[in-house]
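Those protein sequence lines, which keep their order, are chains S and V. Counting the first sequence from 1 gives a position; our numbering is that position plus 20. Counting the second sequence from 1 gives a position; our numbering is that position plus 30. Every residue, glycine too, gets a C-beta built ideally from N, C-alpha and C. Here the structure is a predicted model, which means the values were calculated and not measured. Take a look at the structure set out below.
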Amino acid sequence: MNRISVVVLSYNGKGYLEDCLRSVLAQSHPPYQLIVVDNASSDGSPELVRERFPQAELIRNHRNLGYAGGMNVGLREARGELIALLNQDTVVQENLLAELTRAFEMDVKIGIAGCKILLADGVTIQHAGGIIRYPQALPDHYGYGQLDEGQYDQMREVDYVTGAALAVRKAVLKDVGYFDEAFFPAYYEDADFCFRAREAGYKIVYVPRAVVLHHESSTLGRDSYNYHRAMHRNRLRFILKRYNLRQLQEDFYPAEKEWLRAPRSENERQGLRRAYLETLLLWPSMPWAKAEKEEERMADTDEERLGVREILGALHRSLLEGDHQHGSAEPPTLHKGVQEAKTDDLLQPSFGSQLVEGLASKWHAQERPFVSHKPLIGPLIAFIREMWNSVSTKWFVRAILQQQNEFNEALVRAVSRSLDELDIRIGALDTRVSRSLDELDIRIGALDTRVSRSLDELDIRICDNDRDSTALAVEIAKVGYRLNRIENQLAALGERLAGIEQALKPRGSASNESNRIESS
Amino acid sequence: MTMRIAYFSPLNPMPSGISDYSEELLPYLARHAQIDLFIDDYEPSNREIVDSFSIFHHQEFERLARERRYDMCLYQMGNSPYHEYIYRQSLRHPGVTVLHDYVLHHFLEFITVGRGDLIGYIREMGYAYGLEGTGLARRMFAGGERVQRYQYPLCERVVDSSLGLIVHSDYVARLLDEIRPGTKVTKVNQHLSLRKVPSSATARASLGLGGDQFVVASFGLIAPGKRIDLILRAFARFKKKHPNAIYLLVGALVPPYQIEDGVHELGLDGRVKVTGHVDMDTFQAYMAACDVAINLRFPTAGETSASVIRLMGTGKPVIVSNVGWYAELPDDCCLKVDPAEREEETLLAYMEFLAANEGARQELGTTARAYIEKNHSLVGSAQGYIAFIRDILSNLA
């Protein structure tokens, strides 16, 4: 039977972690290895693991690496042939590991298996496999919100399974690598991982007999600005990793633009806008995962860069124009464009209008009738006070009331006008900031092009120089070898000459001797 | 007049196949030329070589070149870190280069990126592939895709810096002609060098292998390109019909590659053995002991396999990949597997065929040995070298 390691990712979830780990250790098919990766929690989670679960291998990251980074740390340490990944806020049924292992052993082509995930009530389905809808890559969970009545009890292949609880065959990691950590802090890294595994030939399956309860203690609130920003930014990354320019222009852009017309919360509008802008600005330098298919990814040419920039810019502008021309789906608010700098209270969309409404309903001071709750004589007391007021204080108080009302009215008008002006100024500022960002982007683009061209020119020159140097070195070498040969030949000639001289020497001496004899 | 050659090559104890190659070839080359050896920072361990040749540190070359006036520099170039000084020297003093690997990318990446010299790598890519190369390198450093080493072999600068190139296969000669048409290239077959090979029975007894075992083996470094995962899967199926079969991997694993998980997953625990690095006598004993050798390779770096030549020279039936140099071996000397669909099935069918036909094994081995003895002799290699260098010299003018 395959050995299965379990990796639990922990981040400030001490309240959930203990139940999760107890459920893992109570499995009918015990884990071969239990690893807890802590993403620098500050709530005492690591201490809890160390004290109560000594059998677990605790790894403490020095900072929050997000889902992908944290899980990758665990995946690298896992020694089992199978590795189950769990969020800290899950509680698993006792046969989970046995069922997952059985599924993997049924079919060697299975690379990743997901679970049936129920909400904490134990009867409502949260996830029975996932689907990523083309062309916008919007995610959906099968069965979400439905009562579990056996309608999703068939094991089947799916687009992806959620990272809250899944298991992966270790061989997949060798073939496609780990989670793409640029999907920080979370969202879409699981879908990306599953898509890469399928592209490498593995099956992604949903295993209904592997059941997990999920508390969903997301660190980002489900309709918060930060949630939408991260979710959509990663959606765009997922898309840009896979689509070519034609798909972006012809399929994604029209669908996305139509989708933007639908009413949505202010937080989602702002999150989306930010996601488009960040992707627009950061796209050229985004780090890419290694497992993408080279032929399907954009070749990163100028045309494609411009194409992507135009699409993201147009989507960003359409949201911006929607705010100013048609108004957003929710009433205009005080805080347009400056959300990130304000406190949570100020971020409430109704803050300005509530203030004005409150002042408007209370500014007018009026005389009130006297009342008394004394039994029997109460009406008499009220009558006497009324009489006394009408003869002694009424004329004095009425003048003060009038003055107060005039002051209140002026104050309400001033506050209301100030709020309107503030709203207009913020709107104008927002437009200016957006335009400045657009201009900045264009300038960065132009600068980028100039730097690229300069680099290219420099590269060409260096390359030409290197090639010239090589050719020169070859020519010098040829000359050198020829010179050597000539020198060798000269040396040989010299040796021969010396030999001849040597051979001639005795004959010369004899001849000299005979000359001397003759002269004598 | 005797030709003088400055010879640059790693020697033993440097753990490179080219060390063995040079030490076997040098005595035969020395019959035709006066040879000085230039090496890196180590003491050569082969006493015969030390006693027979003048050996210098490569930094002494400049001084000696002025005194001795070499007729030619000869560079043994391969795709491993032991060739760094050879590479640099060959750029400064072009000569004749023996290109043992067509793909030098791993080597050049090691001596640039491996030492933190990213610019150096970009320059190498720029030299070989222009702006496409620099763009690929820069994108890789920005976190993008790794450059495909086999698609971009990075041998171009070495080729340009050579007066002539010696290769071991027509396959590499063709590739060189494609990237640098007109380059002077000759093929000199990689030679066979065998020590005394024991009989199969003696080898098995010395290695602790049973006489009734059917021994399948792969030889040389163990790396992903040797298709070991595929061989293991085929062997797992083969073993079902042949329970007495064992599979030996004779050589060292190249980290971080490991096969332990695959062996366990396929239920082959105890039926597969990795020997690790062994000395040449033990290496040849394993060759003598095996019934069938499988040495697959894909992708190929354009290399020639000394192990396959030794196996064939030992008279063993060998199964190889139908790529590169391996594809040039005659069809009646070995069995070839296409690295395509049904690769595993083809390999299994060959294993079954050879296991069932002892006669076929013997015939294949005999033909292989005759072919190698005829075409891969040391005398022939040395003559090929000298003839090519003379040809280069006569064309210098």
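DSSP places A88/S within a helical segment (H, G or I) once states are collapsed to three. One finds T490, A493 and V494 in chain S with Cβ atoms closer than 8 angstroms to the Cβ of S191/V, taken in chain order. For the stretch 79–101 of chain V, the set of positions with a beta-carbon nearer than 8 angstroms to some beta-carbon of chain S reads R99, Y100 and D101 in chain order. Along the stretch 50–98 of chain S, the alpha helix (DSSP H) occurs as fully enclosed runs of 4 or more residues at 65–72 and 86–97, listed in sequence order.
Interface residue (Cβ-Cβ distance to chain S less than 8 angstroms): P124/V is classified as such. G194/V carries a strand assignment under DSSP once its states are collapsed to helix, strand and coil. Residues of the stretch 458–490 of chain S with a Cβ closer than 8 angstroms to any Cβ of chain V, in chain order: L475, D476, D479, I480, I482, C483, D486, R487 and T490.
Burial of W355/V is indicated by the presence of at least 16 other C-beta atoms within 10 angstroms of its C-beta.
Taking a cut-off of 8 angstroms for Cβ pairs, the stretch 274–289 of chain V and the stretch 244–264 of chain V touch, as three or more such pairs fall below it. The C-beta of T232/V has fewer than 16 other C-beta atoms within 10 Å across all chains shown, which makes the residue exposed.
For R153/V, a Cβ of chain S is located within less than 8 angstroms of the residue's own Cβ. Rounded to whole angstroms, the gap between the alpha carbons of Q220/V and D421/V is 20 angstroms. Residues of the stretch 282–305 of chain V that bring their beta carbon within less than 7 angstroms of a beta carbon in chain S comprise D291 and E295, in sequence order. Within the same chain, P155, Q156, I259 and Y263 come within 7 angstroms of F272/S by CB-CB distance, once the 5 residues on both sides are set aside. Residues of chain S whose Cβ lies closer than 7 angstroms to the Cβ of L104/V do not exist; the shortest such Cβ separation is about 12 angstroms. Under the 10 Å beta carbon count, H198/V is surrounded by 16 or more other beta carbons and is classified as buried.
Residue pairing for Q64/V: DSSP places it in a beta bridge opposite R34/V. Distance check between A185/S and each of F215/S, R99/S and L117/S places L117/S closest, using alpha-carbon atoms only. Residues of the same chain with a CB within less than 7 angstroms of the CB of L379/S, apart from the 5 flanking positions on each side, are V432 and V435 in chain order.
Between Y52/S and the set K34/S, V128/S, K382/S and T121/S, the nearest pair of CA atoms involves T121/S.
For M31/V, the chain S residues whose C-beta falls within less than 7 angstroms of its own C-beta are N508 and A512, listed in chain order.
In chain V, no part has a C-beta under 8 angstroms from the C-beta of N92/S; the shortest such distance is about 15 angstroms. Close to Y117/V, with beta-carbon spacing below 9 angstroms, lies no residue of chain S; the smallest spacing is near 13 angstroms. For D81/V, the enclosing alpha helix (DSSP H) has its first and last residue at R77 to S82.
Residue-level contact check: R61/V does not touch chain S, since none of the beta carbons of chain S fall below 8 angstroms from its beta carbon.
With a threshold of 8 angstroms between beta carbons, L138/V makes no contact with chain S. Below the 7 angstroms Cβ cutoff, chain V contributes no neighbours of Y198/S, its closest Cβ being approximately 14 angstroms away. Going by C-alpha positions, Q75/S is about 28 angstroms away from K194/S. With contacts defined as CB atoms closer than 8 angstroms, A140/S and H82/S fail to qualify as a contacting pair. Nearest CB-CB separation between T164/V and chain S: below the 8 angstroms threshold.
With respect to the 8 angstroms criterion, D479/S and T164/V are classified as neighbours on the basis of their beta carbons.
The CB of G160/V comes closer than 7 angstroms to the CB of C483 in chain S, given here in chain order.
Across the structure, E92/V and D101/V are spaced so that their CA atoms are roughly 14 angstroms apart.
For V367/V, there is no enclosing alpha helix (DSSP H); the residue is found in the beta strand (DSSP E) stretching over L365 to V367. In this structure, DSSP gives L166/V a helical state, which the three-state scheme calls helix. Around the beta carbon of L340/S, 16 or more other beta carbons lie within 10 angstroms, which makes this residue buried.
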